[in-house]
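Colleague: One line per chain: the protein sequences are A and B, in this order.
Positions in the first sequence are counted from 1; adding 17 to them yields my numbering.
Positions in the second sequence are counted from 1; adding 508 to them yields my numbering.
Ideal Cβ placement from N, Cα and C applies to all residues, glycine included.
Questions regarding the structure given below will be posed in turn.
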Amino acid sequence: DIQMTQSPSSLSASVGDRVTITCRASQSISSYLNWYQQKPGKAPNLLIYAASNLLSGVPSRFSGSGSGTDFTLTISSLQPEDFATYYCQQSYSSPWTFGQGTKVEIK
Amino acid sequence: EVQLVESGGGLVKPGGSLRLSCAASGFTFSSYSMNWVRQAPGKGLEWVSYISSSSSYIFYADSVKGRFTISRDNAKNSLYLQMNSLRAEDTAVYYCARDLLGHSGGFDYWGQGTLVTVSS
Numbered sequence: 018d019i020q021m022t023q024s025p026s027s028l029s030a031s032v033g034d035r036v037t038i039t040c041r042a043s044q045s046i047s048s049y050l051n052w053y054q055q056k057p058g059k060a061p062n063l064l065i066y067a068a069s070n071l072l073s074g075v076p077s078r079f080s081g082s083g084s085g086t087d088f089t090l091t092i093s094s095l096q097p098e099d100f101a102t103y104y105c106q107q108s109y110s111s112p113w114t115f116g117q118g119t120k121v122e123i124k
Numbered sequence: 509e510v511q512l513v514e515s516g517g518g519l520v521k522p523g524g525s526l527r528l529s530c531a532a533s534g535f536t537f538s539s540y541s542m543n544w545v546r547q548a549p550g551k552g553l554e555w556v557s558y559i560s561s562s563s564s565y566i567f568y569a570d571s572v573k574g575r576f577t578i579s580r581d582n583a584k585n586s587l588y589l590q591m592n593s594l595r596a597e598d599t600a601v602y603y604c605a606r607d608l609l610g611h612s613g614g615f616d617y618w619g620q621g622t623l624v625t626v627s628s
């Protein structure tokens, strides 16, 4: 199985900050990488698919990059509604696997 | 509006069985592959199972293989997960999730989840 490792596991940031979350795959997954946002008690929401494609309706302050084994999710200017947990997920091969999550908290 | 509504969760004893359902609406269900994803309390996300649009392809996580069975009824716009030989570690919120068209393995719509608790 492909292991996905996110860093950091948590971070504290202020509104307006630029935030970067990294995700590393245990083997090359080309660009088969998705990012989700999850708020407490809610289902996850897909933000970015295929490493860098923003899902329709997702604010443009979210962006993704990377290929192979190393990927990043960037929030250019953190907004109050962005405080949540973020997960990366590979869709290169079954079983699809998720990173452990990165909790973004208010500083 | 796309909607996925899970049902069938509850409290079950170890070794017991449960059948989850997911009712889909607002899209052409028969055109989409579907998945089950679970989340243990306070933990991360774990993909459980996948079924293609016509049920031709089915995959399972190793943790549930041989115990869980995914199925669908396109005439009823419904997805199912039959869970047998349940264990304490199967305790989780179970979500049904739609596969992103053209990007299998990406999940663009999720239900609200149904809680399964395995305990004596």
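#1: Applying the 10 Å Cβ sphere with the 16-neighbour rule, what's the burial state of leucine 519 (chain B)?
#2: In the segment 609-623 of chain B, which residues sit with their C-beta less than 7 Å from some C-beta in chain A, listed in chain order?
#3: Contact between the segment 110-118 of chain A and the segment 512-532 of chain B is defined here as three or more beta-carbon pairs at a separation below 8 Å; is this criterion met?
#4: Going straight from the alpha carbon of serine 515 (chain B) to that of serine 539 (chain B), what length do you get?
#5: Counting C-beta neighbours from all protein chains within 10 Å, is the total for isoleucine 65 (chain A) 16 or more, i.e. buried, or is it exposed?
#6: So, helix, strand or coil for phenylalanine 537 (chain B), using DSSP?
#7: Determine the chain C residues that contact phenylalanine 567 (chain B) at a beta-carbon separation under 8 Å, and present them in chain order.
#8: Serine 579 (chain B) to serine 541 (chain B), Cα distance in whole Å?
#9: Please decide whether glycine 552 (chain B) counts as near chain A, where near means a Cβ-Cβ distance under 8 Å.
#10: From lysine 124 (chain A) to aspartate 34 (chain A), what does the alpha carbon distance come to, in whole angstroms?
#11: Expressed to the nearest angstrom, what Euclidean distance is found between the alpha-carbon atoms of arginine 527 (chain B) and isoleucine 19 (chain A)?
#12: State the DSSP-derived secondary structure class of glutamate 554 (chain B), mapped to helix, strand or coil.
#13: Would you say aspartate 598 (chain B) faces chain A, with C-beta separation under 8 Å as the test?
#14: Measure the beta-carbon distance from cysteine 530 (chain B) to leucine 553 (chain B) and round it to whole angstroms, keeping in mind my assumption that it falls under 8 Å.
#15: Considering only C-alpha positions, which residue in the set B:Asn543, B:Tyr617 and B:Lys551 is nearest to phenylalanine 576 (chain B)?
#16: So valine 36 (chain A) packs on threonine 91 (chain A), CB below 8 Å; how close in whole Å?
#17: Could you spell out where the beta strand (DSSP E) holding tyrosine 66 (chain A) opens and where it closes?
#18: What is the rounded straight-line gap between the Cα of serine 533 (chain B) and the Cα of asparagine 582 (chain B)?
#19: Starting from the C-beta of phenylalanine 567 (chain B), find all residues in its chain whose C-beta is less than 7 Å away, skip the five residues before and the five after it, and write them out in chain order.
#20: How should glycine 614 (chain B) be labelled, buried or exposed, when 16 other C-beta atoms within 10 angstroms of its C-beta is the threshold for buried?
#21: Using only alpha-carbon positions, find the residue among A:Lys56, A:Tyr49, A:Val75 and A:Gln23 that is nearest to alanine 68 (chain A).
#22: Assuming contact is defined by CB atoms lying nearer than 8 Å, are glycine 81 (chain A) and tryptophan 52 (chain A) in contact in what I supplied?
Modeller: Per the coordinate set shown:
#1: What you label residue 519 (chain B) is simply residue 11 of the second sequence in a count that begins at 1. By the neighbour-count rule (16 or more Cβ atoms within 10 Å), leucine 519 (chain B) is not buried but exposed.
#2: From the segment 609-623 of chain B, only His611, Ser612, Gly613, Gly614, Phe615, Asp616, Trp618, Gly619, Gln620 and Gly621 have a Cβ closer than 7 Å to chain A.
#3: no
#4: By 1-based counting over the second sequence, the position of residue 515 (chain B) is 7. By 1-based counting over the second sequence, the position of residue 539 (chain B) is 31. Rounded to whole angstroms, serine 515 (chain B) to serine 539 (chain B) spans 22 Å at the Cα level.
#5: For the purposes of this step, residue 65 (chain A) is taken as the residue at position 48 of the first sequence. Buried is the call here.
#6: To locate residue 537 (chain B), count along the second sequence from 1; it is residue 29. In the structure shown, phenylalanine 537 (chain B) sits in a helix (DSSP, three-state: H, G or I).
#7: The chain labelled as chain C is not found among the protein chains of the depicted structure, namely A and B.
#8: Locating residue 579 (chain B) in the second sequence gives position 71, counting from the first residue. Locating residue 541 (chain B) in the second sequence gives position 33, counting from the first residue. Looking at the two C-alpha atoms, the distance is approximately 11 Å.
#9: Numbered from its first residue, the second sequence carries residue 552 (chain B) at position 44. So, interface residue.
#10: To locate residue 124 (chain A), count along the first sequence from 1; it is residue 107. To locate residue 34 (chain A), count along the first sequence from 1; it is residue 17. Each residue's Cα considered, the two are about 10 Å apart.
#11: If you number the second sequence from 1, residue 527 (chain B) lands on position 19. If you number the first sequence from 1, residue 19 (chain A) lands on position 2. Rounded to the nearest angstrom, the two C-alpha atoms are 29 Å apart.
#12: Taking the second sequence and counting its residues from 1, the one referred to as residue 554 (chain B) is at position 46. Reduced to three states, the DSSP call for glutamate 554 (chain B) is strand.
#13: One-based indexing of the second sequence puts residue 598 (chain B) at position 90. Aspartate 598 (chain B) does not count as touching chain A.
#14: Numbered from 1 along the second sequence, position 22 holds the residue referred to as residue 530 (chain B). Numbered from 1 along the second sequence, position 45 holds the residue referred to as residue 553 (chain B). Their Cβ separation, rounded to whole angstroms, is 17 Å, which puts cysteine 530 (chain B) and leucine 553 (chain B) out of contact at 8 Å.
#15: Taking the first residue of the second sequence as 1, we reach residue 576 (chain B) at position 68. Checked all of B:Asn543, B:Tyr617 and B:Lys551; the closest Cα to phenylalanine 576 (chain B) is B:Asn543.
#16: For the purposes of this step, residue 36 (chain A) is identified with residue 19 of the first sequence, where counting begins at 1. For the purposes of this step, residue 91 (chain A) is identified with residue 74 of the first sequence, where counting begins at 1. 7 Å between Cβ atoms; contact.
#17: As a position in the first sequence, residue 66 (chain A) is number 49, starting the count at 1. Unbroken beta strand (DSSP E) run through tyrosine 66 (chain A): 62-66.
#18: Numbered from 1 along the second sequence, position 25 holds the residue referred to as residue 533 (chain B). Numbered from 1 along the second sequence, position 74 holds the residue referred to as residue 582 (chain B). Going from the Cα of serine 533 (chain B) to the Cα of asparagine 582 (chain B) covers about 11 Å.
#19: If you number the second sequence from 1, residue 567 (chain B) lands on position 59. So the list reads Ser557 and Tyr558, once near-sequence residues are dropped.
#20: As a working mapping, residue 614 (chain B) is identified with position 106 in the second sequence. So glycine 614 (chain B) counts as buried.
#21: Numbered from its first residue, the first sequence carries residue 68 (chain A) at position 51. Minimum Cα-Cα distance from alanine 68 (chain A) among the listed residues A:Lys56, A:Tyr49, A:Val75 and A:Gln23 corresponds to A:Tyr49.
#22: Translated into the one-based positions of the first sequence, residue 81 (chain A) becomes position 64. Translated into the one-based positions of the first sequence, residue 52 (chain A) becomes position 35. In contact: glycine 81 (chain A) and tryptophan 52 (chain A) (Cβ atoms closer than 8 Å).
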